[in-house]
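All the letters of the sequence shown, read from the start, carry residue numbers -23 to -1, 1 to 223 under mature numbering (1 follows the signal peptide of the UniProt record, and there is no 0).
A virtual CB, placed ideally from N, CA and C, is assigned to each residue, including glycine.
The structure appears right after this line, and notes come after that.
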Amino acid sequence: MACFKVVKVLFCIIFGFSHSTSCYKLPKNDEKCPEVRARSNCDLDAIKGPWNVIEYYASSEEVEIYRCMRSTFNLSPDTPEISMDFTYSYADDPDNEMLTGNITWNIPSFELPGHWVHMETPYEGVYNTFVLDCKDTWAVLLHCAEKPSSPRYLSSILLSRNRTVPLNVRSYVHDKLPKYGVQLEYTFPMVQDDCSPAVIPLYYGTKTVAAGDKKTGAGNNNFKHPMLHNDRGNKQQTDIDTNFNI
């Protein structure tokens, strides 16, 4: 979604593009999530289907960790939920093993379809996800979770139907993200070349763990969830759409 590290909050991030330079002062209190206005004109049907992750930011990461991350969004026909199945591999994995994961969000109100909520049963905190922008070929999501007396967990992903986005789109997104606390110097491109077709299914959704397993760690692995904080998953077969039109 990732293990927390305390990341320095820079009070002023200066970043340059060929056409503009902007500076934002980030909040001193990094325990609180930024105020985000949920989009009321977000077309959920337009979000469905496969995407490539083009850029990735997480407040817990200071180095590039992931590659070949792709996602597929699905809307539930019966409940106000949207789910994301995704594949990824680790940048330093010489075998380039592909892993899979899943996140399911509740949509609190269809009047604000750009705001989703995810809760992890074993952990404290609620993960709020906002669709900052969504077009036919690209979209930007912002995730944030608060936990008492701990730094917030903040992440964002830039999605594209293709393997890249136009330069003007990237510049527009980079202009917008720092307003919400995203540090561009820790925003990393996602490599989408030479992605192995082999997939090792791993379960990363919310799962109840037996009390004995919680104490002993039995059945757990050490893979980090790229979208969520401090998650551990058990191996379990899962289905995912890996047929990307790229």
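One or two residues paired with residue i in a DSSP bridge
i: Leu131; result: Cys121
i: Thr164; result: Tyr34
i: Asn29; result: Arg47, Ser137
i: Thr114; result: Answer by DSSP bridge pairing: none, since Thr114 is not bridged.
i: Thr81; result: Ser60
Continuous alpha helix (DSSP H) stretch holding residue i: start and end
i: Asp69; result: No alpha helix (DSSP H) holds Asp69; DSSP gives it neither H nor E.
i: Ile24; result: 21 to 24
Element boundaries [beta strand (DSSP E), containing residue i]
i: Leu109; result: 103 to 111
Reduced DSSP category for residue i - H, G, I as helix; E, B as strand; rest coil
i: residue 248; result: The displayed coordinates of the chain run from -23 to 223. Any statement about residue 248 would go beyond what the structure contains.
i: Glu39; result: coil
i: Asp62; result: strand
i: Pro155; result: helix
i: Leu89; result: coil
i: Arg16; result: coil
i: Asp171; result: coil
i: Ser48; result: strand
i: Val146; result: helix
i: Pro54; result: coil
Cβ distance (whole Å) where residue i is taken to contact residue j below 8 Å
i: Trp28; j: Ser60; result: Not quite, the Cβ-Cβ distance comes to about 13 Å (not below 8 Å), so this is no contact.
i: Val168; j: Cys45; result: 7 Å
i: His92; j: Ala15; result: 4 Å
i: Tyr34; j: Tyr67; result: In fact, because the Cβ distance is near 17 Å, the residues do not count as touching under 8 Å.
i: Asn20; j: Cys111; result: Sequence check: residue 20 is Asp here, not Asn. Right, their Cβ atoms sit about 7 Å apart.
i: Val103; j: Val94; result: 6 Å
i: Tyr163; j: Glu38; result: 7 Å
i: Val30; j: Leu131; result: At roughly 16 Å, the Cβ-Cβ gap does not stay under 8 Å, so Val30 and Leu131 are not in contact.
i: Leu118; j: Ser133; result: 6 Å
i: Asn79; j: Asp62; result: 5 Å
CB contact check: residue i to chain D, cutoff 8 Å
i: Pro27; result: The chain inventory of the structure shown lacks chain D, comprising one protein chain alone.
Touching or not, the segment 6 to 15 and the segment 114 to 133, by the rule of three or more beta carbon pairs under 8 Å? yes
At least three beta-carbon pairs within less than 8 Å, the segment 50 to 57 to the segment 146 to 153: no
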